[in-house]
Amino acid sequence: MKIFNRTRLVSAIVFSLVFLPAMAAAAPAKVAILPFAIHSDKDYGFLQKGIVEMLTSRLSAPGKVEVIDPVVTEKALAEAKGLTGDKLAQAVAGKLGADVAIHGSLTVLGDSVSIDAKALDLTGGHGPLTFFKQTQTLGEVIPQINLMAGEIDRQLFGVTPPAATAAAAPATAAATAATAAAAAPAQPDIHMHPEKLLQNGQPISPESLPPSPLAASAPAAVQSGNTLNPAFVAAPGAGTTDNPGFWKSRNYAYLINGIDVGDLDKDGQQETVVATPDKIFIYRFIQGKQQTVAEIQGGQGRFISVSIGDINKNGTPEIFVTGFSSTLNTLESYVYEFDGRTFAPIVQKSRYYYSVVRHPALGPVLLGQKQTSDESIYADPIFEMAWKGGEYVPERQVLKANKGNLLGFAYGDIMQNNGESMVVLDGDDNLRLLTPDGKKQWMSEDKYGGTMLYYLPPSKMLGDINAKAYLPVRIRTADLDNNGKLEVLVIQNQDRARRIMAQQRVFSSGRIEALAWDTLGLAPAWTTRQLAGRIQDFAIGDFDNDGTNELLIAVVTKEGAIIFTDAESSLVAFDLKQPR
7 MKIFNRTRLV SAIVFSLVFL PAMAAAAPAK VAILPFAIHS DKDYGFLQKG
57 IVEMLTSRLS APGKVEVIDP VVTEKALAEA KGLTGDKLAQ AVAGKLGADV
107 AIHGSLTVLG DSVSIDAKAL DLTGGHGPLT FFKQTQTLGE VIPQINLMAG
157 EIDRQLFGVT PPAATAAAAP ATAAATAATA AAAAPAQPDI HMHPEKLLQN
207 GQPISPESLP PSPLAASAPA AVQSGNTLNP AFVAAPGAGT TDNPGFWKSR
257 NYAYLINGID VGDLDKDGQQ ETVVATPDKI FIYRFIQGKQ QTVAEIQGGQ
307 GRFISVSIGD INKNGTPEIF VTGFSSTLNT LESYVYEFDG RTFAPIVQKS
357 RYYYSVVRHP ALGPVLLGQK QTSDESIYAD PIFEMAWKGG EYVPERQVLK
407 ANKGNLLGFA YGDIMQNNGE SMVVLDGDDN LRLLTPDGKK QWMSEDKYGG
457 TMLYYLPPSK MLGDINAKAY LPVRIRTADL DNNGKLEVLV IQNQDRARRI
507 MAQQRVFSSG RIEALAWDTL GLAPAWTTRQ LAGRIQDFAI GDFDNDGTNE
557 LLIAVVTKEG AIIFTDAESS LVAFDLKQPR
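With the sequence shown counted from 1, adding 6 to any position gets you the working numbering.
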């Protein structure tokens with residue numbers, strides 16, 4: 007009897023050590039797929055549903071991957087209030103007992119669509135995995151989702167798609183396709199991610215692309231392209247083109263407050279500087295890849311803008327970062343410079359707003375505006391600055407006090423009279439054209455600018471609630487089409503509340519508009535397409551090192567202003583085609 011019991015005991019131990027782990031390992035991974043966020047100025051709810059259905063069908067693998075019923079996931083999603091991004095996905099997956107949570111977003115820019123997805127492994131077996139696809143038409147979204155699902159299968163679950171899926175077409179169709187492919191060389195994709203802007207080491211140009219299949223059915227407003235870039239909507243009478251000429255980066259999980267482009271280390275390659283509230287990222291786009299050159303950690307305050315220029319004339323451009331203190335009512339600006347090893351600060355906690363402008367005759371010029379008043383961001387004059395005695399000091403005054411703030415200021419021969427006129431955004435987000443003595447020459451009827459960044463004046467009385475003073479946004483003057491006339495480039499963000507509520511803003515979309523003087527005022531010359539989200543900043547430069555300049559735009563699609571929510575931004579680049 008004892009021998010029998012001992013035998014049973016040994017058998018039980020062997021079973022528990024061998025068979026139970028094998029059974030546990032064979033348990034399928036449970037996946038929760040959240041509806042993807044849609045960033046567009048149109049309703050594409052059908053795509054949101056289609057993405058979930060495609061991923062559910064494609065990822066499900068009997069015995070290996072079990073996708074939780076989307077209806078059950080949506081119910082859990084409705085109960086997880088006050089969360090966004092990764093935190094929301096993790097909360098929903100935890101509630102459903104899922105091993106993996108998949109969430110993402112879909113951004114529509116005209117006909118182009120970019121798809122960002124992230125897979126979170128709650129078991130700890132993998133770190134977060136990100137996936138990116140981009141299409142030239144809406145009709146290509148679902149096929150690209152199918153490809154993305156295959157990548158998720160392979161990288162996360164080790165599931166290889168059946169060979170039949172890749173070769174579903176009949177042999178005759180394959181032969182026909184092969185013959186057609188041999189007859190016509192493959193064309194590059196103008197919508198490529200910035201990391202793939204170069205193909206086989208050669209720049210991709212709009213001329214090398216086939217006509218868009220949607221051009222014939224596109225609305226007239228979309229077909230009316232500008233010679234600088236086909237994605238710009240030209241003024242009446244301009245030529246037309248079919249090629250959409252823009253790219254979009256991956257989504258970044260932070261707010262972008264400022265951007266600029268310049269060669270920071272004198273190696274002949276352009277770097278892109280991105281200012282977030284608490285950090286400066288320095289990227290380089292080259293050889294088809296995005297490289298992180300450096301990161302500069304901020305302090306307790308908030309960075310709000312960035313500019314690049316060699317103002318101290320030592321051959322190495324400085325990075326001018328305007329920032330506020332943690333109380334948001336005192337300027338604490340910094341200047342960094344590459345010393346051969348790192349980006350070291352040469353100015354710290356300055357009380358100046360800084361902005362580098364490209365003067366047609368003088369080259370890079372540093373403008374500065376000191377903060378001497380706690381109550382107004384317009385109270386001080388704007389000066390051209392110079393490097394003297396180890397610091398930046400004011401020299402020539404270019405704008406009188408109480409006329410504008412440097413963050414929304416530009417100047418040049420805008421009126422084409424061989425003089426110097428100025429454009430400013432006032433406190434009501436109207437664009438003003440000023441003469442050299444500060445007198446108003448023209449003012450827009452439309453609202454421009456629009457940002458969530460603000461200055462917080464001190465309370466006048468104990469117990470008062472501080473009223474936000476929203477900041478203006480970047481204005482630039484440039485002769486992009488080389489016709490000898492300056493255009494004024496300005497951001498125009500659309501506020502759902504139409505600027506009626508002074509302290510509350512909700513921006514749904516934005517665009518860059520170019521204005522030109524026509525003797526009566528500043529008239530629209532062209533605009534970019536409307537972009538979903540809020541445009542915070544833009545720069546002009548060869549950010550991708552392909553030999554031609556681009557209009558690089560920072561777009562914020564998620565503010566992340568509420569606790570436990572994630573911010574989301576991206577870069578959009580429009581190629582600038584120079585006239586011949």
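The C-beta atom is built at its ideal place from N, Cα and C for all residues, glycine as well.
message: DSSP has Val497 in a bridge; who is on the other side?
response: Looking at the sequence itself, residue 497 is Ile, so the reference to Val does not match. For Ile497, which the question treats as bridged, DSSP gives the partners Ile518.
message: When you measure from the CB of Tyr359 to every non-hydrogen atom of the ligand NAD, does any distance come out below 7 Å?
response: The model depicted lacks the ligand NAD and carries no ligand whatsoever.
- prompt: Counting pairs of Cβ atoms below 8 Å between the region 366-381 and the region 309-318, do you hit three or more?
  reply: yes
message: Looking at the secondary structure, which residues open and close the alpha helix (DSSP H) in which Phe52 lies?
response: Gly51 to Leu65
message: Excluding the 5 residues flanking Arg480 on each side, which residues of the same chain have their C-beta closer than 6 Å to its C-beta?
response: Asp543
- request: Starting from Gly156, trace the alpha helix (DSSP H) both ways and give me its first and last residue.
  value: Val147 to Ile158
query: If we ignore side chains and look at the alpha-carbon of each, how far apart do Ser576 and Val399 end up?
result: 35 Å
task: Report the residue ranges of all beta strand (DSSP E) runs contained in full by the region 260-300; include only those spanning at least 3 residues, in chain order.
output: 264-268, 277-281 and 285-292
field: Meets three-Cβ-pair contact criterion under 8 Å: the region 436-444 and the region 405-421
entry: yes
field: Buried versus exposed, by CB contacts within 10 Å (16 or more), Ala180
entry: Here Ala180 scores only 37 on pLDDT, less than 50, and its place in the model should not be relied on; the value that follows carries that caveat. Classification for Ala180: exposed.
query: Where do the N-terminal and C-terminal ends of the beta strand (DSSP E) with Gly601 fall, by residue?
result: Residue 601 lies beyond the stretch modelled for the chain, which goes from 7 to 586, so this question has no answer here.
message: Going residue by residue through the region 290-358, where are the continuous beta strand (DSSP E) segments of at least 3 residues, counting only ones entirely within it?
response: 295-303, 308-315, 324-330, 339-344 and 349-356
- request: Please name the residue in Glu397, Ala43, Ser361 and Asp47 whose C-alpha comes closest to that of Leu537.
  value: Asp47
query: Between the C-alpha atoms of His132 and Pro323, what's the straight-line distance to the nearest angstrom?
result: 41 Å
field: Beta-carbon proximity list for Leu270, same chain, < 8 Å, skipping 5 on both sides
entry: Glu277, Val279, Ile288, Val299, Ile314, Thr322, Pro323, Ile325, Phe344 and Phe349
task: Just grab the DSSP bridge partners of Ser361 for me.
output: Leu373
- prompt: Unbroken beta strand (DSSP E) runs of length 3 or more, entirely within the region 422-456: which are they?
  reply: 427-431, 436-440 and 446-453
query: Relative to the C-alpha of Asp548, which residue among Glu401, Gly268, Tyr417 and Gly418 is closest?
result: Gly268
query: Which residue comes first and which comes last in the beta strand (DSSP E) that contains Thr483?
result: Ile481 to Ala484
Check whether Asp552 and Pro464 have beta carbons under 8 Å apart: no
query: Would you call Val3 buried or exposed, if buried means 16 or more other Cβ atoms sit within 10 Å of its Cβ?
result: The first residue shown for the chain is 7 and the last is 586, placing residue 3 beyond what the model contains.
- prompt: Opposite His132 in the DSSP bridges: which residues?
  reply: According to DSSP, which records beta bridges pairwise, His132 is partnered with nothing at all.
query: Considering only residues of the same chain and omitting the five flanking positions on each side of Asp435, which have a CB-CB separation below 7 Å?
result: Lys453, Tyr454, Gly455, Gly456 and Arg505
- request: Would you decide whether Thr136 is buried or exposed? Buried here means 16 or more other CB atoms lie within 10 Å of its CB.
  value: exposed
message: Quick check on DSSP: helix, strand or coil for Gln510?
response: coil
field: Endpoints, the alpha helix (DSSP H) within which Thr563 is located
entry: No alpha helix (DSSP H) contains Thr563, which is instead part of the beta strand (DSSP E) from Glu556 to Lys564.
message: Tell me which residue opens and which closes the alpha helix (DSSP H) that Val404 is part of.
response: That residue, Val404, is in no alpha helix (DSSP H); its beta strand (DSSP E) goes Glu397 to Leu405.
Presumed contact (8 Å Cβ cut-off) between Asn320 and Ser111, rounded CB distance: Not quite, the Cβ-Cβ distance comes to about 43 Å (not below 8 Å), so this is no contact.
field: Residue range of the unbroken alpha helix (DSSP H) whose run includes Pro76
entry: Pro76 to Glu85
- prompt: What separation, rounded to the nearest whole angstrom, lies between the Cα atoms of Trp532 and Leu144?
  reply: 25 Å
query: Straight-line CA distance for Leu215 to Leu495?
result: At Leu215 the pLDDT is 34, less than 50, meaning the model places this residue with poor confidence and gives no usable figure here.
Best match in Ser515, Gln293 and Pro530 for proximity to Ile44 [C-alpha to C-alpha]: Ser515
- request: Would you list the one or two residues that DSSP bridges to Asp386?
  value: Note: Asp386 sits in no beta bridge, so no partner.
- prompt: Contact check, Gly374 vs Glu338 under 8 Å by CB: the rounded distance?
  reply: Not a contact, Cβ separation roughly 14 Å.
message: Please return the same chain residues whose Cβ sits closer than 8 Å to the Cβ of Val165, not counting the five positions on each side in sequence.
response: Ala67, Lys70, Val71 and Asp159
task: Using 10 angstroms around the beta-carbon of Gly264, count the other beta-carbons present and answer buried if the total reaches 16, otherwise exposed.
output: buried
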